C-alpha cells in the first residue's frame with residue numbers, strides 16, 4: 020500500500036451542513052475538529068508506507084479512528100461501521116456522507132505499521148503538541164503519553180471479540196448439524212450469552228475489569244465445550260467439523276488452562292500443549 024499524502028483536509032460542505040443540523044450543540048467528534056482540526060497529517064506517517072503500490076487509506080483518518088475506538092472501547096469492526104454510519108465521525112474525518120469507508124482489517128494493518136516502524140508514540144506526541152498549543156494542558160507537568168497503552172487496549176478488544184465470535188460460530192454450526200446433541204449437552208445460559216454477534220448495541224463490557232472477567236468466562240465455556248466434544252459420549256464425527264477445529268486452535272492461541280480454571284494467555288505466551296484437557300493437538 021503506497022501513500023499519496025495530502026497537505027490539507029476540510030469537512031465537505033454537505034457533511035458539515037447536515038451534521039450541524041442534526042447536532043446543533045455538537046458532539047465530541049465535532050468539537051475536536053472545530054477546536055483542534057484534524058490533529059494528524061498524512062505526512063506524519065509517510066515514512067511507514069512505500070512509495071509504490073495501491074493507494075492506502077489516509078493515515079490521518081486511521082490515527083483518529085484508533086483514538087476514537089479507544090475512547091469508546093469498540094473493536095475494529097465496530098469502528099469501521101462507525102466510519103460508514105455516523106455522520107459526526109465523517110465530520111471529524113472530513114468524509115462525504117456517502118463515503119463507504121474501509122474494511123475493518125485496515126485498522127489492524129495500520130497498527131502493525133506503527134509498531135513495526137517504532138512510530139506508536141506519534142499518536143500521543145502529536146495530540147499532546149496540539150493540546151499544548153491550545154493551552155489545554157499545562158506545561159511542565161507530567162502527561163500520559165503512552166501510545167502503546169492505546170494500541171494494546173484496542174488489540175485486546177479485538178482479541179476478545181474474536182474469541183466470542185469463534186465460540187458463537189461454533190455453537191451455530193453444531194446447532195445446525197446436531198441439534199439434539201446441542202440441546203442435551205449445551206448449558207441453557209450459553210444461548211443468551213452467544214446468541215448475538217458482539218458489536219453495535221451488543222457491545223463488550225466497558226470496563227477493563229468486566230472485560231477480563233467476561234474473557235475468562237468465555238475461555239471456560241470454550242474449554243467446557245471442547246471437553247464434552249472429546250468425551251466418549253459424544254459422536255466422534257463432531258470433532259471433525261471445521262468450526263470445532265477452528266475453536267480448538269483459537270483457544271490454544273488465546274487461553275491458558277490453569278488448576279483454578281482458565282486465564283487469558285498473555286501476548287506471545289501461547290501454550291504449545293494443553294495437558295489439562297482430553298482432546299489431542
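Numbering (the working numbering), first residue to last: 20 to 300. C-beta atoms are modelled at their ideal positions from N, C-alpha and C, and glycine is treated no differently. Bear in mind that the values here come from a model prediction, so they are computed numbers and not experimental data.
Pick from the options: whose alpha carbon is nearest that of residue i?
i: residue 179; options: 126, 267 and 230; result: 230
i: residue 121; options: 103, 29 and 64; result: 103
i: residue 89; options: 142, 152 and 60; result: 142
i: residue 116; options: 237, 263 and 38; result: 38
i: residue 59; options: 25, 70 and 94; result: 25
i: residue 29; options: 244, 45 and 109; result: 109
i: residue 209; options: 123, 53 and 244; result: 244
i: residue 87; options: 123, 66 and 47; result: 47
i: residue 16; options: 252, 52 and 44; result: This structure leaves residue 16 out entirely; the chain is present only between 20 and 300.
i: residue 67; options: 128, 43, 41 and 237; result: 128
i: residue 69; options: 132, 114, 152 and 149; result: 132
Can you give me the start and stop residues for the alpha helix (DSSP H) that residue i sits inside?
i: residue 88; result: 78-91
i: residue 33; result: 32-41
i: residue 105; result: From DSSP, residue 105 is part of no alpha helix (DSSP H); its letter is neither H nor E.
i: residue 259; result: Where residue 259 is concerned, there is no enclosing alpha helix (DSSP H), given that its DSSP letter is neither H nor E.
i: residue 50; result: 47-55
i: residue 60; result: No alpha helix (DSSP H) contains residue 60, which DSSP labels as neither H nor E.
i: residue 209; result: 208-213
i: residue 25; result: No alpha helix (DSSP H) contains residue 25, which DSSP labels as neither H nor E.
i: residue 116; result: That residue, residue 116, is in no alpha helix (DSSP H); it is neither H nor E in DSSP.
i: residue 251; result: That residue, residue 251, is in no alpha helix (DSSP H); it is neither H nor E in DSSP.
Could you give the distance in angstroms between the alpha-carbon of residue i and the alpha-carbon of residue j?
i: residue 78; j: residue 118; result: 16 Å
i: residue 81; j: residue 125; result: 8 Å
i: residue 233; j: residue 112; result: 33 Å
i: residue 161; j: residue 61; result: Reliability fails at residue 161, whose pLDDT of 48 lies under 50, so the model's placement of it is uncertain and the value that follows must be treated cautiously. Each residue's Cα considered, the two are about 28 Å apart.
i: residue 272; j: residue 36; result: 48 Å
i: residue 299; j: residue 181; result: In this predicted model, residue 299 has a pLDDT of only 31, less than 50, meaning its place in the structure is not dependable enough to derive any value.
i: residue 49; j: residue 265; result: 42 Å
i: residue 134; j: residue 94; result: 18 Å
i: residue 185; j: residue 205; result: 16 Å
i: residue 54; j: residue 211; result: 43 Å
i: residue 96; j: residue 215; result: 15 Å
i: residue 226; j: residue 274; result: 20 Å
i: residue 75; j: residue 268; result: 32 Å
i: residue 44; j: residue 207; result: 46 Å
i: residue 146; j: residue 42; result: 25 Å
i: residue 27; j: residue 224; result: 37 Å
Check the C-beta distance from residue i over to residue j and give it rounded, since I have them as a contact under 8 Å.
i: residue 176; j: residue 92; result: 6 Å
i: residue 263; j: residue 189; result: 6 Å
i: residue 242; j: residue 270; result: 7 Å
i: residue 213; j: residue 239; result: Residue 213 to residue 239, Cβ: 13 Å. No contact.
i: residue 140; j: residue 64; result: Actually they are not in contact, since the Cβ atoms of residue 140 and residue 64 sit about 12 Å apart, beyond 8 Å.
i: residue 257; j: residue 197; result: 6 Å
i: residue 130; j: residue 85; result: 7 Å
i: residue 34; j: residue 106; result: 7 Å
i: residue 192; j: residue 260; result: 6 Å
Under the criterion of a Cβ to heavy atom distance below 7 Å, does residue i qualify as lining the ligand NAD?
i: residue 188; result: Although the ligand NAD was asked about, the structure shown includes no ligands whatsoever.
Residue i CB to nearest chain C CB: under 8 Å?
i: residue 48; result: Included in the structure is just one protein chain, with no chain C present.
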